[in-house]
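Single-structure report; data block below.
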């Protein structure tokens, strides 16, 4: 009888211990959460995240401390995240290149396939700009200038291995011309380099370019994404100009390896709640020109795996695949 009682007690202890992570996850979060932003202040990711974060905080009932960690096109943020505890109190926003492109270019300190994918709430549309004072009026003008003077055309990027970089690299390779990529810590600095005549062009997102475009500082030559953008209804896409190419990227949220599923689900729900709010919808449509497209964690991971192949092919074409 005595042995029976001991066995029952041990079984109860075992089941209680097994249930502890789930129980802890159901009342998550209990304290502030740190969220890394992979690019600098004023960049697309930074602006969008700061718009939705107050609504996420309301949903979760805890503050979210935003920390900008620019560098290496966003890889610095994910490298830091990969070493964090998977308890739900450290997360990072991530651009698609850090998950699908850069791991194919060089050895990184994180494995994107081991990270926990929360959700992606928006996607980027890209435009190639030159300075408003530039002599180049069309994309053809820019390409011909590169043809006549190899390497003379410099284009700013938020980091080598970003989709901003590879879109122009693909174009240069397709045309058989040489253009020089110049990396900066984020799109705003790359745009400033064009305005200041330190670079001839920049391939950047709509959101990052709204203010300088509306101020008359930069001139759009072509939309690199699938469709024309509302802010620039008269600017043609690459496909309309005869190129069989379009550029895609998205912003998503990531947890470290080992984060419990109930925690991941709660954060996914917080993001979905935030982007459904009327003021967020209105600001994204009317001032940020950011395209809200929500995908849950499963679909987000599948998208990144799909674009591993898509961008891997581009890397091979331009000679950047390791």
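Residue numbers (my numbering): 684 to 1005. C-beta: ideal position from N, C-alpha, C; glycine also. Being a predicted model, the structure only gives us computed values, none of them experimental.
Where residue i and residue j are concerned, what is the direct C-alpha to C-alpha distance, given to the nearest angstrom?
{"i": "residue 937", "j": "residue 832", "result": "43 Å"}
{"i": "residue 874", "j": "residue 837", "result": "12 Å"}
{"i": "residue 712", "j": "residue 743", "result": "7 Å"}
{"i": "residue 770", "j": "residue 989", "result": "28 Å"}
{"i": "residue 929", "j": "residue 991", "result": "15 Å"}
{"i": "residue 921", "j": "residue 781", "result": "24 Å"}
{"i": "residue 778", "j": "residue 731", "result": "12 Å"}
{"i": "residue 827", "j": "residue 886", "result": "18 Å"}
{"i": "residue 862", "j": "residue 853", "result": "10 Å"}
{"i": "residue 835", "j": "residue 849", "result": "18 Å"}
{"i": "residue 794", "j": "residue 935", "result": "16 Å"}
{"i": "residue 734", "j": "residue 884", "result": "28 Å"}
{"i": "residue 982", "j": "residue 819", "result": "41 Å"}
{"i": "residue 926", "j": "residue 960", "result": "38 Å"}
Excluding sequence positions up to five away, which residues of its chain have a Cβ less than 7 Å from the Cβ of residue i?
{"i": "residue 768", "result": "939"}
{"i": "residue 953", "result": "739, 742, 743"}
{"i": "residue 797", "result": "940"}
How close, in whole Å, do the beta carbons of residue i and residue j come, if the pair is a contact with beta carbons under 8 Å?
{"i": "residue 825", "j": "residue 904", "result": "6 Å"}
{"i": "residue 841", "j": "residue 756", "result": "6 Å"}
{"i": "residue 829", "j": "residue 860", "result": "4 Å"}
{"i": "residue 882", "j": "residue 876", "result": "4 Å"}
Determine whether the beta carbon atoms of residue i and residue j lie at a separation below 8 Å.
{"i": "residue 719", "j": "residue 776", "result": "yes"}
{"i": "residue 889", "j": "residue 977", "result": "no"}
{"i": "residue 800", "j": "residue 966", "result": "no"}
{"i": "residue 839", "j": "residue 878", "result": "no"}
{"i": "residue 788", "j": "residue 998", "result": "yes"}
{"i": "residue 893", "j": "residue 810", "result": "no"}
{"i": "residue 721", "j": "residue 762", "result": "no"}
{"i": "residue 901", "j": "residue 814", "result": "yes"}
{"i": "residue 944", "j": "residue 802", "result": "no"}
Tell me which same chain residues have a C-beta within less than 6 Å of the C-beta of residue i, skipping the five on either side of it?
{"i": "residue 784", "result": "844, 994"}
Short of 8 Å in beta carbon distance, which residues of its chain neighbour residue i, apart from the five on each side in sequence? Order them along the chain.
{"i": "residue 942", "result": "769, 770, 771, 799"}
- Item | Those runs of the alpha helix (DSSP H) which lie wholly inside the stretch 874-942 and span at least 4 residues | 889-897
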